[in-house]
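Inspection log for the structure reproduced underneath, given as structure tokens.
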Amino acid sequence: MTGLDPWTESAASPDAEDSPLARQFAAYLCRLNGESDPAVIWATRLVCQAVAEGHVCLPLQDYAGRQLGDGTVTLPPLAEWVERLRRSDLVGQPGEFAPLILDRGPRLYLARYWNYEHNLAERLLAFAATPCEGVNRGRLRADLERLFPAQREIPDQQKLAAAVAVLRRFCIITGGPGTGKTSTVVRILAALQAQAGDRPLSIALAAPTGKAAARLQEAVRSARLDLPESMRQGIPECASTLHRLLGARPDSIRFHHGRDHPLPVEVVVVDEASMVDLALLGKLVDALPDKARLILLGDKDQLAAVEAGAVFADLCAHSGYSAEFAALLSEVSGVRCASAGLFVPALADCVVFLRHSHRFRPDSGIFALAGLVNQGRVRPALELLARGAHPDLVWVRSRETDRLAERMAEGYRAFLEAVQAGGDPRAILKLFDRFRVLTAHRDGERGARGVNRLFEEWLRQHRRIPPGSRWYAGRPVMVTRNDYALRLFNGDIGVALGHGAELKVYFEDAEGTLRGVAPARLPEHDTVYAMTVHKSQGSEFDEIVLLLPETESPVLDRPLLYTALTRARRRVEIRASQAILEAAIRRQPRRASGLAERLVGG
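Structure below.
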């Protein structure tokens with residue numbers, strides 16, 4: 001090992017400067033264990049930074065022998081590095097008690113994240129391998145025919161998903177926007193209720209954020225209306241956030257429900273599962289009773305969770321059915337289902353891909369562009385935008401934010417007029433959700449905060465809001481920190497409106513209840529005429545304007561662009577240069593993890 005002292009401020013990781021928090025935490029671990037070997041210290045710094053960047057672990061082979069920062073530090077060759085780590089008291093083998101865990105990958109973990117990954121893999125494999133007893137196959141076949149009549153889609157993937165979910169305790173349903181994930185899961189619940197007979201099932205509907213939970217609730221309520229009364233009885237009308245379902249405790253990483261106090265449910269459905277990080281999914285699975293069912297819905301191509309892990313994508317890495325299960329699926333669903341071969345992981349029998357979009361017309365520009373972006377096809381994507389042949393796609397190549405405020409005023413016109421007229425808070429919240437500006441970054445002129453300042457200044461100049469006032473009727477805000485006492489959670493959006501002689505910020509929760517909260521009581525929050533693409537997950541808008549930065553950034557990648565495009569129902573306006581769009585489509589990020597390998601018994 002050559003080069004600088006491991007704690008030199010200017011020494012950087014191979015790709016970026018590590019954060020002060022990661023550096024100080026690594027220093028604390030090494031000081032606590034009396035570690036002085038630079039190879040171990042650098043590994044500790046790098047794994048702390050990896051977790052901060054969303055990785056679960058540090059794959060040593062990706063870093064061994066590489067130069068750090070300006071080339072003044074060179075990491076050891078892989079074999080030497082592994083040997084020096086194994087000699088350290090700071091590092092243990094899987095199952096040992098130590099701050100860092102080195103597995104056979106070789107991957108280096110912070111101990112907490114190794115435990116999260118190991119425990120989750122064990123529980124999910126147990127779920128996947130345990131057959132559901134007592135399924136009446138004849139009844140299931142008849143119910144599937146009744147619930148999925150004359151589908152145009154061939155093969156009928158929705159019917160197949162329902163068959164998988166009834167036959168397995170664990171089911172993963174992935175598909176893009178409008179592929180029918182929610183309507184399918186309502187029919188799955190109906191089929192499960194039919195299997196249970198007259199006894200209503202105990203079912204919980206959940207999502208990572210309040211907005212996603214509200215959307216799930218609304219979709220389930222509308223879809224269940226088409227079902228016979230006998231099948232509707234066990235399907236709940238209300239959804240909650242995962243934190244609320246598990247019983248979040250203020251100032252604690254532990255929940256009320258866990259392995260020693262499981263949830264009183266038989267079925268749990270989680271929507272927008274791509275947003276769920278490793279730790280949260282692990283805690284949910286730990287809280288499930290031994291015979292409960294878990295159904296995850298999501299889009300594997302969307303942005304991963306903000307916290308560590310890309311769990312949903314890892315779960316969807318396994319596809320194709322075993323010969324025995326393929327035959328059973330064909331029998332109960334009537335859908336021809338081919339086998340993937342003899343050696344198929346148990347988890348693969350639990351995964352269903354929905355590919356046919358019911359939201360977008362075949363000639364939809366949004367749908368076509370999202371598909372090209374997802375496939376990394378740069379030239380066809382740019383040609384599609386440049387032709388301007390689709391009315392639902394607009395490409396503005398200007399590098400400035402010129403006329404952006406005017407465009408926002410146009411997009412928010414109905415909302416602003418309803419606020420001025422003193423409309424009903426619930427109707428105003430719905431009008432606000434028709435339009436949104438999405439950004440890649442939070443800060444900067446083309447970031448969410450810069451755009452919000454720009455538009456508020458325009459509103460003041462045009463006398464739409466009082467000068468110098470932070471709070472005003474119509475100010476939309478997004479909560480950025482959980483407040484369990486107020487039942488307000490990160491991502492919840494409300495609008496300040498007049499309430500007598502004062503203002504209150506109105507929120508609609510997942511149960512559809514409207515609540516007014518005094519501005520002074522709100523937890524941390526931001527104005528939200530514009531929001532980051534990350535924060536928009538779980539939401540849909542009629543129109544979006546996607547504003548990308550002028551220079552390349554690590555966050556500009558394919559999932560970010562795909563996620564932004566699929567937030568829109570009717571129209572997308574992209575404001576970005578060709579070079580920035582090219583860079584975003586080309587960059588496909590990878591989050592380091594050992595979960596996919598563990599799920600095949602690795």
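Going by the UniProt record's numbering, 455 is the number at position 455 of the sequence shown; the sequence numbering is gapless. Think of the CB as a built atom: it goes at the ideal place given N, C-alpha and C, for glycine as much as any other residue.
For E543, three-class secondary structure by DSSP: strand
Whole-angstrom distance between R407 and R570, CA atom to CA atom: 16 Å
Local conformation of A207 per DSSP, three classes: Here DSSP, grouped into helix, strand and coil, assigns A207 to strand.
Round the Cβ separation of L329 and A163 to the nearest angstrom and send it over; I've been treating them as touching at under 8 Å. 5 Å
Does the distance from the CB of R434 to the CB of D542 come in under 7 Å? Cβ distance < 7 Å, so R434 and D542 count as in contact.
Taking the beta carbon of G54 as the centre, do at least 16 other beta carbons fall within 10 Å, making it buried, or is it exposed? buried
If you measure between the beta carbons of residue 624 and A43, is that distance less than 7 Å? Nothing can be reported for residue 624, as the shown portion of the chain is limited to 1 through 602.
P20: first and last residue of the uninterrupted beta strand (DSSP E) it sits in: Counting along the chain, P20 falls outside any beta strand (DSSP E), though it belongs to the alpha helix (DSSP H) covering P20 to L32.
Inter-residue CB distance, residue 608 and L147 (contact presumed, cutoff 8 Å): This structure leaves residue 608 out entirely; the chain is present only between 1 and 602.
I need the DSSP call for V306, collapsed to helix, strand or coil. coil
Residues of its chain near F367, where Cβ-Cβ distance is below 7 Å and the 5 sequence neighbours each way are ignored: S357 and F360
Return the CA-CA distance between R558 and R567, expressed in angstroms with no decimal places. 15 Å
Could you have a look at L556 and say whether DSSP puts it in helix, strand or coil? In the displayed model, L556 falls within coil according to three-state DSSP, outside both helix and strand.
Please classify V306: is it buried, with 16 or more other beta-carbons within 10 angstroms of its beta-carbon, or exposed? exposed
Does A64 come out as helix, strand or coil in the three-state DSSP assignment? The answer is coil: DSSP assigns A64 none of H, G, I, E or B.
Hey, which unbroken runs of the beta strand (DSSP E) at 3 residues or more fall wholly within the region 117-187? With a minimum length of 3 residues, the continuous beta strand (DSSP E) runs that stay inside the region 117-187 are 170-175.
Using DSSP bridges, identify the partner residues of R436. I544
Any 3 or more C-beta pairs closer than 8 Å across the region 332-351 and the region 362-376: no
Hey, would you say A196 sits closer than 7 Å to V166, going by beta carbons? no
Name the two residues that bound the continuous beta strand (DSSP E) containing H318. Premise fails: H318 is in no beta strand (DSSP E) and is neither H nor E.
Where does L4 sit, in a helix, a strand or coil, going by DSSP? Because the pLDDT of L4 is 47, which lies under 50, any placement of that residue in the model is unreliable, and the number read from its coordinates should be weighed accordingly. Of the three classes helix, strand and coil, the one that applies to L4 here is coil, per DSSP.
On a CA-only basis, which of P289, A279 and S240 is nearest P264? Give me that one, please. Checked all of P289, A279 and S240; the closest Cα to P264 is P289.
E53 Cβ short of 6 Å to the ligand GDP heavy atom set: The model on display carries no ligand, and the ligand GDP is accordingly not part of it.
Using the three-state DSSP reduction, which class does Y506 fall into: helix, strand or coil? In the structure shown, Y506 sits in a strand (DSSP, three-state: E or B).
When we look at the beta-carbon of G468 and count the other beta-carbons within 10 Å, is it buried (16 or more) or exposed? exposed
For R23, which of E540, R45, S536 and L29 has the nearest alpha-carbon? For R23, the nearest C-alpha among the options comes from R45.
What residue does the beta strand (DSSP E) around M275 start on, and which one ends it? First-last for M275: undefined, no H or E at that position.
Could you tell me how far apart the beta carbons of L382 and E597 are, in whole angstroms, since I believe they sit closer than 8 Å? Taking the Cβ atoms as the reference, L382 lies roughly 36 Å from E597, outside the contact range of under 8 Å.
Throw me the rounded Cβ distance for the L547 and R587 pair, which I believe falls under 8 Å. Contact between L547 and R587 is ruled out by a C-beta separation of about 18 Å, above the 8 Å threshold.
Can you tell which of L561, Y63, A327 and V269 has its C-alpha closest to the C-alpha of H534? L561
Using alpha carbons as the reference points, say which of P76, Y63 and D89 lies closest to R31. D89
Expressed to the nearest angstrom, what Euclidean distance is found between the alpha-carbon atoms of V270 and S222? Cα atoms of V270 and S222: separation of roughly 18 Å, rounded to the nearest angstrom.
Buried or exposed: V250, going by 16 or more other Cβ atoms within 10 Å of its Cβ? The sequence given here has Pro at residue 250, not Val. Residue burial annotation: P250 is exposed, with fewer than 16 other C-beta atoms found within 10 angstroms of its C-beta.
Would V351 pass as a contact of S322 if the rule is Cβ separation under 7 Å? Not in contact: V351 and S322 (Cβ atoms no closer than 7 Å).
V276 and L140: beta carbons closer than 7 Å? no
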